[in-house]
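Protein sequence lines, in the order shown, are assigned to chains X and Z.
The first sequence: position 147 = 147 (the working numbering), numbered continuously.
The second sequence: position 294 = 294 (the working numbering), numbered continuously.
Cβ atoms here follow ideal geometry from the backbone N, Cα and C, with glycine treated the same way.
No experiment lies behind these values; they were computed from the predicted model shown.
Report on the following structure.
2 protein chains.
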Amino acid sequence: MEDFIMFLLFATVICLPTTMIPEVLGGNVLVFPHGGSHWVNMRVLIEELHSRGHNVTVVRAADSWYISQTSPHYKSITLDVAVGANDTFFHHFVTEVVKIKRHQGNAWSRFGLDSELKNNFYELHRKICEAIVHMFENEDLMESFQDSKFDIVLTDPANGGGVLLAHRLGLPLVFNARWTVHGEAHFAVAPSPLSYVPLPPSELSDKMNFIERVKNLLFYIMRMHLYKQVVGPHYSAVVSRYFDQDTDYFSLFQAADLWLMRVDFAFEFPRPTMPNVVYMGGFQCKPAKPLPEHLEEFVQSSGEHGVIIMSLGTLIAELPQDLADQIAAAFAKMPQKVIWRYKGAKPATLGNNTLLVDWMPQNDLLGHPAIKLFVSHGGTNGIYEAIYHAVPIVGIPLVFDQADNLSRLRAKGVAKFLDISELDSKIFQKAIEEVLNEPLYALNMQRLSRLHRDAPIKPMDSALFWIEFVMRHKGAAHLRTESYRLPWYSYHSVDVLLFLIAVVFLVLLGFVVLVWSCFRLCVKRKEKSD
Amino acid sequence: MEDFIMFLLFATVICLPTTMIPEVLGGNVLVFPHGGSHWVNMRVLIEELHSRGHNVTVVRAADSWYISQTSPHYKSITLDVAVGANDTFFHHFVTEVVKIKRHQGNAWSRFGLDSELKNNFYELHRKICEAIVHMFENEDLMESFQDSKFDIVLTDPANGGGVLLAHRLGLPLVFNARWTVHGEAHFAVAPSPLSYVPLPPSELSDKMNFIERVKNLLFYIMRMHLYKQVVGPHYSAVVSRYFDQDTDYFSLFQAADLWLMRVDFAFEFPRPTMPNVVYMGGFQCKPAKPLPEHLEEFVQSSGEHGVIIMSLGTLIAELPQDLADQIAAAFAKMPQKVIWRYKGAKPATLGNNTLLVDWMPQNDLLGHPAIKLFVSHGGTNGIYEAIYHAVPIVGIPLVFDQADNLSRLRAKGVAKFLDISELDSKIFQKAIEEVLNEPLYALNMQRLSRLHRDAPIKPMDSALFWIEFVMRHKGAAHLRTESYRLPWYSYHSVDVLLFLIAVVFLVLLGFVVLVWSCFRLCVKRKEKSD
Chain X
1 MEDFIMFLLF ATVICLPTTM IPEVLGGNVL VFPHGGSHWV NMRVLIEELH
51 SRGHNVTVVR AADSWYISQT SPHYKSITLD VAVGANDTFF HHFVTEVVKI
101 KRHQGNAWSR FGLDSELKNN FYELHRKICE AIVHMFENED LMESFQDSKF
151 DIVLTDPANG GGVLLAHRLG LPLVFNARWT VHGEAHFAVA PSPLSYVPLP
201 PSELSDKMNF IERVKNLLFY IMRMHLYKQV VGPHYSAVVS RYFDQDTDYF
251 SLFQAADLWL MRVDFAFEFP RPTMPNVVYM GGFQCKPAKP LPEHLEEFVQ
301 SSGEHGVIIM SLGTLIAELP QDLADQIAAA FAKMPQKVIW RYKGAKPATL
351 GNNTLLVDWM PQNDLLGHPA IKLFVSHGGT NGIYEAIYHA VPIVGIPLVF
401 DQADNLSRLR AKGVAKFLDI SELDSKIFQK AIEEVLNEPL YALNMQRLSR
451 LHRDAPIKPM DSALFWIEFV MRHKGAAHLR TESYRLPWYS YHSVDVLLFL
501 IAVVFLVLLG FVVLVWSCFR LCVKRKEKSD
Chain Z
1 MEDFIMFLLF ATVICLPTTM IPEVLGGNVL VFPHGGSHWV NMRVLIEELH
51 SRGHNVTVVR AADSWYISQT SPHYKSITLD VAVGANDTFF HHFVTEVVKI
101 KRHQGNAWSR FGLDSELKNN FYELHRKICE AIVHMFENED LMESFQDSKF
151 DIVLTDPANG GGVLLAHRLG LPLVFNARWT VHGEAHFAVA PSPLSYVPLP
201 PSELSDKMNF IERVKNLLFY IMRMHLYKQV VGPHYSAVVS RYFDQDTDYF
251 SLFQAADLWL MRVDFAFEFP RPTMPNVVYM GGFQCKPAKP LPEHLEEFVQ
301 SSGEHGVIIM SLGTLIAELP QDLADQIAAA FAKMPQKVIW RYKGAKPATL
351 GNNTLLVDWM PQNDLLGHPA IKLFVSHGGT NGIYEAIYHA VPIVGIPLVF
401 DQADNLSRLR AKGVAKFLDI SELDSKIFQK AIEEVLNEPL YALNMQRLSR
451 LHRDAPIKPM DSALFWIEFV MRHKGAAHLR TESYRLPWYS YHSVDVLLFL
501 IAVVFLVLLG FVVLVWSCFR LCVKRKEKSD
């Protein structure tokens with residue numbers, strides 16, 4: 001009882017809203033989103049903004065099927081421009097990567113596929129820039145933007161459209177970020193010493209040996225080169241067409257008022273950050289809702305052994321048949337029940353304990369006490385849900401940052417991580433049994449979950465507070481350094497160091513000349529007196 | 001009404017304590033404080049910890065009169081060691097500095113005084129280290145520390161005692177910090193590019209020209225040299241006596257779990273930070289309480305002109321008589337009423353509108369709507385109170401970081417800043433009239449105050465939450481980088497860069513040798529065929 005009273009006291013003290021100054025109620029938010037899984041995150045934020053009385057306007061391309069034209073949560077402005085169904089390419093890409101990995105495809109075929117990916121990115125950003133030019137040239141549209149009196153532009157910096165739009169309209173800029181067009185978002189805003197800050201998706205940790213540090217630096221150089229080749233030129237062309245001569249595209253990024261990072265240090269390695277970076281990793285996680293009746297029944301039937309759930313995300317529709325058979329065979333041998341989100345043909349080896357589903361309420365399942373293990377591809381959303389609900393993971397990474405994400409979890413002792421190219425029934429079964437039977441995985445995950453949940457305010461509330469902060473104060477200039485205005489040699493004090501070295505050198509030289517002159521004088525005098 | 005409902009909704013959403021996991025109730029906190037104004041800050045925190053049910057034990061020196069032996073808020077452990085009445089020296093130091101400045105004392109006398117200060121610091125830290133050795137050698141005391149099952153060590157890193165004690169006891173370490181023994185606290189924990197992070201108390205801003213950047217770097221080099229000469233050796237000796245061969249004293253600092261910084265970016269220039277740095281600048285500020293009757297009467301008698309308050313802090317008891325007369329004469333000419341905290345002989349020029357007081361309820365006065373201006377020496381506590389209550393400042397810095405603090409406020413357009421060596425009645429009056437009559441000062445200060453107050457939780461609540469977080473989780477390792485374990489050349493990737501340059505050089509060399517060999521071969525063949 002005493003504990004409970006202390007708890008109430010604690011809650012009251014911490015939560016008294018005495019320092020809050022909510023001036024902006026019902027603000028106007030202009031959203032320039034990014035497609036695919038990025039939109040899933042943005043939509044969560046938009047729905048919350050809507051529920052708090054803000055008016056949200058979303059800019060979308062004519063062919064965007066992810067971002068629907070009508071919604072109860074936002075008004076949309078559809079540009080008369082097609083950006084291309086990027087997701088179709090990604091489906092193809094992931095399926096091909098898995099095929100190549102499974103059949104030990106040669107490096108050449110992988111290189112070809114990566115070139116395709118590079119070209120796809122090149123085309124995507126080219127088209128986005130076309131869309132931006134289309135907007136900027138449409139005077140009626142730009143005027144209507146001005147008339148709408150937006151308070152902020154909210155954007156995902158995975159493309160640069162929102163950045164350019166905000167600068168054009170002179171509006172404060174808020175990022176919903178994990179990636180920018182230049183790589184992991186922190187690298188664009190905070191100092192990132194490559195000696196202990198691993199560049200995702202390098203799969204390195206924050207404790208690197210010499211060779212790993214060399215790898216990290218090379219990885220960084222490659223990444224920068226890729227950005228300059230594939231992404232940068234399109235945006236720079238728009239910048240030089242519409243803005244001042246001395247406006248640099250990358251600086252516009254760094255001048256953002258607020259970075260809402262989909263990151264939490266329960267998951268991410270600790271690293272330098274900035275005052276205008278707000279962490280909202282896991283902002284989409286919620287307590288579990290009750291399961292649909294048929295699922296609840298199935299879960300309950302598992303008894304003491306509990307349930308394993310498996311999902312490899314939305315990008316891969318079906319696995320190669322041999323792989324699906326191997327996985328199903330492993331599941332069939334287990335005493336647990338299994339719920340497997342799978343759209344392909346029913347594997348021949350499927351056991352009675354395994355339920356194939358087209359879709360599952362992943363968050364509600366992860367929050368169910370009967371769930372013992374999550375077999376995942378390592379997408380960030382699923383990982384945060386697993387951390388939130390404290391469910392350990394067996395990871396089968398497919399593409400992009402998934403292996404990197406899982407390597408972080410492995411470093412924390414909460415996940416095992418399998419290579420799809422070597423995966424068979426035995427390896428899969430062994431990994432699952434290890435994570436189920438070795439109590440450390442569950443204990444570590446519970447600890448991680450406690451660390452993640454133990455925050456003074458929830459990540460979503462923090463995100464909303466800071467978005468509204470930027471609206472109330474028309475920016476957050478006092479939290480943002482302007483260091484990006486310095487050329488690199490000034491930023492790193494190279495000019496100052498060279499100057500000081502020159503001064504020291506000149507002083508020494510002066511001293512040597514003086515001593516030498518004195519010496520010569522003495523010698524001369526001696527010669528004279530001799 | 002609708003706004004009010006929205007406000008309530010806002011407050012409820014933001015403040016639901018759903019993610020808080022208060023496990024530690026009634027923790028055991030061991031405090032190793034620092035004297036002087038540092039203790040004022042620590043006491044505020046201790047009183048709050050006590051009121052939340054924690055047991056606090058404070059370690060104090062036998063001759064510490066600032067930190068009293070008995071208190072309703074903490075238990076004290078008095079070491080049988082005298083550390084020296086440091087404050088007596090500081091009183092002398094400040095008085096002498098003012099004298100030298102007023103009478104255009106020569107550089108030599110100032111140099112002498114600064115040497116005294118340096119010696120005083122040397123002696124202070126030597127004695128603190130004596131006290132630490134005394135503790136470590138007292139087996140009963142160390143055993144009683146172990147038996148007390150402390151959860152954390154809370155310390156002010158302005159001395160290194162708490163750091164060594166925490167390491168010896170193997171306890172999590174929490175800093176209540178603005179300064180460490182090495183300088184401004186951020187410089188010990190976060191990357192601090194000297195190109196845009198001014199080193200206090202250099203009075204530089206975050207926008208420096210080339211010469212200022214040279215100054216900043218030289219200032220940093222001097223500061224490091226001073227640390228190595230004056231402070232470091234004492235602590236390093238203790239470390240090598242009691243800890244492993246490879247334990248480095250500075251690393252113990254960097255390994256702290258949590259840095260509660262007495263800093264807010266409404267006041268401080270934005271700069272890189274770290275995940276385990278929590279900002280609690282202004283944590284001591286509170287809404288004003290009603291004034292004592294005689295003060296309220298005096299304040300009310302000011303009518304529309306309002307009141308000016310003046311305090312130059314606790315370190316200076318009285319000003320040189322000529323200076324006091326100049327200040328009093330300026331006050332006498334003003335239509336405002338003045339409350340002046342002053343202990344010296346009554347100035348001859350004192351006007352009827354000026355009330356001299358021994359002590360004043362500064363926070364309550366600053367929060368009174370009739371107060372128009374604060375004449376201050378620029379101590380941090382007073383500055384945060386002025387920001388909290390939105391009162392613009394005329395600053396008369398005396399010593400230490402005061403000029404630097406005021407220069408930050410001047411950069412934000414909320415303060416004027418006077419040089420005590422040139423101060424006379426006219427200059428003083430002009431400065432006060434400018435700040436009173438130019439509405440921008442008040443407007444800027446109101447804006448600053450709004451920025452400072454507009455936070456999702458109050459600074460003190462944030463500090464308490466994170467202290468208890470460290471108790472609950474027995475540290476905060478996941479928020480702390482271990483980059484300090486790297487040697488400097490690895491930290492800055494110098495080794496990796498040299499390696500890559502060597503590789504490139506060798507490849508080029510190989511290529512040149514190859515080409516040269518081919519060339520020679522061709523020439524030989526030609527010679528043969530000729």
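| query | result |
| --- | --- |
| Could you work out which residues of chain X lie near L451/Z, taking near to mean beta carbons separated by less than 7 angstroms? | H473 and H478 |
| Please report how far the alpha carbon of V338/X lies from the alpha carbon of G344/X, in whole angstroms. | 16 angstroms |
| By DSSP, does P22/Z sit in helix, in strand, or in coil? | Summary for P22/Z: the model assigns pLDDT 49, below 50, so the residue's position carries little reliability; its value from the coordinates is reported in the next sentence. Here P22/Z sits in coil by DSSP. |
| For a contact defined as C-beta to C-beta under 7 angstroms, what are the partners of V491/Z on chain X? | Val is not the amino acid found at residue 491/Z; the sequence shown has Tyr there. Residues of chain X passing the Cβ test: P193 and S195. |
| What's the C-alpha gap between H478/X and A266/Z? | 7 angstroms |
| So I128/Z packs on N176/Z, CB below 8 angstroms; how close in whole Å? | With 8 angstroms as the limit, I128/Z and N176/Z do not qualify as a contact, their Cβ atoms being about 17 angstroms apart. |
| From this set, A476/Z, E385/Z and N444/Z, which residue's C-alpha is nearest N363/Z's C-alpha? | E385/Z |
| Along the chain, which unbroken stretches of the beta strand (DSSP E) at least 3 residues long are found entirely within the stretch 114-178 of chain X? | 152-155 and 173-177 |
| Report the start-end ranges of each alpha helix (DSSP H) in the stretch 307-387 of chain Z that is 4 residues or longer and not cut off at the edges. | 321-332 and 362-366 |
| Could you give the C-beta distance for V496/X and L217/Z, rounded to a whole number, given that I count them as a contact under 8 angstroms? | 5 angstroms |
| V81/X by DSSP, collapsed to three states: which one? | coil |
| By the DSSP assignment, the alpha helix (DSSP H) with K215/Z in it spans what residues? | F210 to L226 |
| Tell me whether G510/Z sits in a helix, a strand or coil according to DSSP, three-state version. | helix |
| Is R178/X closer than 8 angstroms to A543/X when the C-beta atoms are compared? | Residue 543/X is absent from the model: chain X starts at 1 and stops at 530. |
| Nearest CA to the CA of I77/Z: which residue from E130/Z, L49/Z and S144/Z? | S144/Z |
| Just tell me which of L295/Z, S529/Z, G313/Z and L30/Z has its CA closest to the CA of S148/Z. | L30/Z |
| Go to W259/X, then tell me how far its beta strand (DSSP E) extends in each direction, as first and last residue. | L258 to M261 |
| Taking 8 angstroms as the threshold (beta carbon to beta carbon), is A496/Z in contact with chain X? | In the sequence on display, residue 496/Z carries Val and not Ala. So, interface residue. |
| Identify whether G112/X lies in helix, strand or coil by the three-state DSSP scheme. | helix |
| D364/Z touches chain X at which residues, Cβ-Cβ below 7 angstroms? | Result: empty, since nearest Cβ-Cβ is about 17 angstroms, beyond 7 angstroms. |
| Under DSSP, the beta strand (DSSP E) around F279/Z begins and ends at which residues? | Note on residue identity: the sequence assigns Tyr, not Phe, to residue 279/Z. V277 to Y279 is the extent of the beta strand (DSSP E) around Y279/Z. |
| Comparing alpha-carbon positions, which option in V513/X, L506/X, S529/X and F499/X lies nearest I211/Z? | F499/X |
| Report all residues from its chain with a CB closer than 6 angstroms to the CB of R60/X; omit the five preceding and five following residues, and keep chain order. | I67, S76 and T78 |
| So, is the C-beta of P272/X closer than 8 angstroms to a C-beta in chain Z? | yes |
| Output the distance between the C-alpha atoms of A255/Z and P270/X, rounded to the nearest integer angstrom. | 13 angstroms |
| Pull up the CB-CB distance for M445/Z and P392/Z, whole angstroms please, since I reckon it's below 8 angstroms. | 5 angstroms |
| So with Cβ pairs under 8 angstroms, would you call F250/X a contact of chain Z? | no |
| Please name the residues in the stretch 296-315 of chain Z whose beta-carbon is closer than 7 angstroms to at least one beta-carbon of chain X, in chain order. | none |
| Given a cut-off of 8 angstroms on the beta-carbon distance, is the pair V435/X and K416/X in contact? | yes |
| Using a Cβ-Cβ cutoff of less than 7 angstroms, which residues in the same chain neighbour E123/Z once the five nearest sequence positions on both sides are dropped? | G84 |
| Between which two residues does the beta strand (DSSP E) containing N531/X stretch? | No answer is possible for residue 531/X: the residues shown for chain X start at 1 and end at 530. |
| When DSSP labels each residue in this structure, what does C518/Z get in the three-state scheme? | helix |
| Below 8 angstroms on C-beta distance, what does L486/X contact in chain Z? | S195 and Y196 |
| Give the DSSP-derived three-state secondary structure of E482/X in the structure shown. | coil |
| Specify, as a first and last residue, the run of the beta strand (DSSP E) that I393/Z falls within. | I393 to G395 |
| Taking the Cβ atom as the reference point for each residue, do A390/Z and S449/Z lie within a distance shorter than 8 angstroms? | yes |
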